[in-house]
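Accompanying notes for the structure given below.
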Amino acid sequence: MKFRVLAAVSLFLVLILALFDAGVTPVATAANNGNGKVTLNGNVAPWLSQATFTGHSDPNGRVTFSLYLNLNNESALQTFIHNLYTPGTKEYRHFITPDQFHALYSPTQANLKAVTDFLSANSLKVEYNPANSMYVDASGTVAQIEKAFGVTENQYTYNGKNLRANAQAPTIPASLAPLVYFIGGLDESEQLITPYIRTGDNAPPGEGYATPGPCSTYWSDHDATVSPSAYQYGSNLPWLVCGYTPPQIRAAYGVDKTNLTGSGVRVGITDAFASPTIVQDVNLFSAHYGLPLLDSSNFQQVVVPGTYNFPENRYDPQGWYGEESLDVDWVHAMAPGATIVYAGGQNSNQPLDHALIHLIDNNMVDIITNSWGITGEYTKNYGHIQADEKAFMQAAAQGISVLFSSGDDGDVAASRGLAMGSWPATSPWVTAVGGTSLALKDATGAKSEWGWGTYFSGLQGATISPNDYPLNFPGTYSTTHFAVNGSGWSPWPPGFLYGSGGGISLTFAQPDYQKGVVPTTLATSTTTASGQTVTFSSPHRVVPDVSMVGDPNTGVVYGETYAISGDTSIDAGCTKLTNQTEYCERRIGGTSLSSPLFAGVLALAVQANHGRVGFVNPALYKLGSGNGAIVDVMPPTSPTALLRNTGTATNPKTTLRTINSVPVGTSGQVVEGADSSLRTTAGWDDVTGLGTPYVPLLVQSLTQ
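Heads up, the sequence shown is in my numbering, so the first residue is 886 and it goes up one at a time.
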């Protein structure tokens, strides 16, 4: 695929684009060195050229790594999956078992033995391989790794992290070149994978965080008169939502209009690590909102084989506990009758695809939701992409639905230099779930819903009167209308804060199901951070596919155990559990919320179907937007914003959070539907995809 740049761009951007050959499924290559060995391309970390060298890695340091093997007859697998989801073919919805997948498409036992023999011959310890033989885990010292693969392992600083990486592409015997395409773990790129969870503030992982009032139970039932007026947004503004509860969200999407619970369905969740208090936390949350309690009959926390072979966890396990709590709480809230199977990655120092592959290859679940990813995409040739693509194809063949959050940073151009979607959501084999802002009006589910794109401005010297609101949600209010006064708004116009991830893939061609639905302009062009246009000669994959609430300012409540902080503004409203810990419910959002919500929706569809619905993208795009089953999300019809206190009762800090719009100066013009360079529009758009589900009709459509 060729591209052309319509305006002059920086050398940095040219280098970025040169890494991609967009529109082609990624393929790793091996170059013959003429000495019986080949260089395995696509195995040097993409970030290395921007990192700072700090020294050679400890030769005695222990490394656990994975060799990923090619599938057998992958082109036949792709044809099979295409037919599997095409009505009228003999294969339509005839999903296969893992054993059938192994027999038809897995690497052969002879190939697996050739790889393990090579490792053993180089004094590397073979640790584990899954039944589908897609990878082999092994371990050794840095010195052994360097000798076996002809690389130098160094330490680098990048994005504030101290990371190990191989300075050169590894070499392997020529006989293994057709078998092995990627070696994961030679670098620590996985540290760049993060959960897509948003509190709106940066919370320390070990302690809780504040969500101070005032706030609303339903949209605009608590508001304020603001002076000075917020320009286009006026002088009377609502306070943000305290945090929607399970009954409210179920009503918002019509779940309460069905008798479905997800009974008999198994929903998988993958994250890094595993929270030691997850059952306790979800059961306190469930007891509060009338949901069934978790026990061994409806919850399983899986330790992926090989976990205990890995080095000690160095990368913030506590920081992932909130992600697990959010995911489990809200799958359970949407599908309280479903069984939840949680698989935690060994640590964040190893690909999370091990947890995914374990769930898929053991046929343990019907749906998998994933709320993590890379900001933007890696290069086309980076082998990790291929590893996950093969896993996603196996899931599709077995009828397992795989969902990924689309990200929380809009078009990511500010950090990547070019607007793009984020991987793995950009894979054509997964359903990418974007985020919305939800204005729920009352208990009937009446609502307005817009694309999530938040811009921020602060009211200088703000005071809130009266100050009788609680330090933290939950709490009770004697006042519904407040007066907020300050000296002026800054910055103005407001600056972009966060929003639903979306945009074009630089790696993958447009899948068949998006043809004729995604606007050609969105599928064939993107922009630089400075707004210059880059076009491609044929259409690409664009995300998201669907969306549900994600804006943390119209977010939900979730519960988690924290260390007692000793700060009354943080601990207020929490339940003390021990002398050191407390259980707190707080407002939260992000597409980390959107994906588990949609997983709950699919669980209801699987129950109604009496069997798996599988890879749902072809069916969703056939339905299209605005047909009743999928509600088309439109931008606000007038400037819309809300207020948020990010301070305390005694020291308020009032901020304005726009809803999918941003003003152009102070004279009245507003760009509606704004989410960085992404725009919410009629029909498919790169903020909300096709739109949001109306569960009764969507379930009916997916089970026909």
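Where a beta carbon is used, it is the ideal one built from N, C-alpha and C, also for glycine.
Alpha carbon to alpha carbon, what distance is there between N1545 and P911? The pLDDT assigned to P911 is 47, lower than 50, so where the model puts this residue is not dependable, and the model offers no usable value.
Given this structure, state the Cα-to-Cα distance separating T982 from A1324, to the nearest angstrom. 43 Å
Beta-carbon contacts of N996 that lie in its chain and below 7 Å, excluding the five residues immediately before and after: L954 and L1064
Other residues of its chain near T937: CB distance less than 8 Å, five sequence neighbours each side excluded: Y1041, T1042 and Y1043
Cβ neighbours of V1434 in the same chain (closer than 6 Å, five flanking residues each side left out): T1321 and L1323
With a threshold of 16 other CB atoms inside 10 Å of the CB of G1373, please say whether the residue is buried or exposed. exposed
Alpha carbon to alpha carbon, how far is S951 from P931? 18 Å
What separation, rounded to the nearest whole angstrom, lies between the Cα atoms of Q994 and S1018? 8 Å
Tell me which residues share the same chain as S1586 and place their Cβ nearer than 6 Å to its Cβ, disregarding the 5 neighbours each side in the sequence. L1508 and A1514
Collapsed DSSP secondary structure at F986 in the structure displayed: helix
Less than 6 Å between C-beta atoms, sequence neighbours within five positions excluded: which residues of the same chain meet that for P1177? P1221
Does DSSP put V1402 in a helix, in a strand, or in coil? coil
Going by C-alpha to C-alpha distance, which of G1292, D1238 and A1490 sits closest to V1021? D1238
Name the two residues that bound the continuous beta strand (DSSP E) containing K1010. K1010 to Y1013
With DSSP run on the structure shown, which of helix, strand or coil describes A961? helix
Whose C-beta lies closer than 8 Å to the C-beta of G940 among residues of the same chain, with five residues either side of it excluded? N1039 and Q1040
Validate contact between the segment 1419-1432 and the segment 1562-1580 using beta carbons, cut 8 Å, 3 pairs: yes
Close beta carbons around V1580, own chain, < 7 Å, minus the five adjacent residues each side: Y1138, G1139, V1140, T1143, V1486 and L1489
Looking at the secondary structure, which residues open and close the beta strand (DSSP E) in which A846 lies? Shown here, the chain extends from 886 to 1589; a query on residue 846 therefore has no answer.
What span of residues does the beta strand (DSSP E) with T1439 cover, start to end? First-last for T1439: undefined, no H or E at that position.
Count Cβ pairs between the segment 1283-1301 and the segment 1473-1482 that sit closer than 8 Å; are there 3 or more? yes
Pick out whichever of S1256, P1132, L1541 and A1504 has its Cα sitting closest to the Cα of A1328. P1132
Mind reading off the beta-carbon distance from S1148 to P1481? Whole number of angstroms is fine, and I expect it under 8 Å. The Cβ separation is near 18 Å, so there is no contact.
Kindly indicate which three-state DSSP category S895 falls into: helix, strand or coil? Residue confidence for S895 is low, a pLDDT of 38 falling below 50, so the modelled location carries little weight and cannot support an answer.
Would you report the Cα separation of L1583 and M1219, rounded to the nearest angstrom? 15 Å
Assign G1574 to one of three DSSP states: helix, strand, or coil. strand
Of the residues I1259, T924 and G1336, which one's Cα is nearest the Cα of A1062? T924
Do I1349 and P1537 come within 9 Å of each other at the CB atom, strictly closer than that value? yes
Could you name each continuous beta strand (DSSP E) segment of 3 residues or more that falls completely within the segment 1457-1516, going from the start of the chain to the end? 1466-1473
Measure the C-alpha to C-alpha separation of Q839 and V1036 and round it to an integer number of angstroms. The structure shown does not extend to residue 839, since the chain spans only 886 to 1589, so no value can be given for it.
For G1387, tell me which candidate among A1493, V1297 and V1216 has the shortest Cα-Cα distance. V1297
Going by alpha carbons, who is nearest to N928 out of V1213, Y1094 and Q1271? Q1271
So is Q1029 buried or exposed if we call it buried at 16+ other beta carbons inside 10 Å? buried
Below 7 Å CB to CB, which residues in the same chain sit around L898 once its five sequence neighbours on both sides are set aside? The predicted model places L898 with a pLDDT of 44, which falls under 50 and marks its position as unreliable, so this point remains unresolved.
Return yes when the Cβ of G1229 is within less than 9 Å of the Cβ of A1317, no when it is not. no
With F1170 as the anchor, note down where its alpha helix (DSSP H) starts and where it stops. I1163 to Y1174
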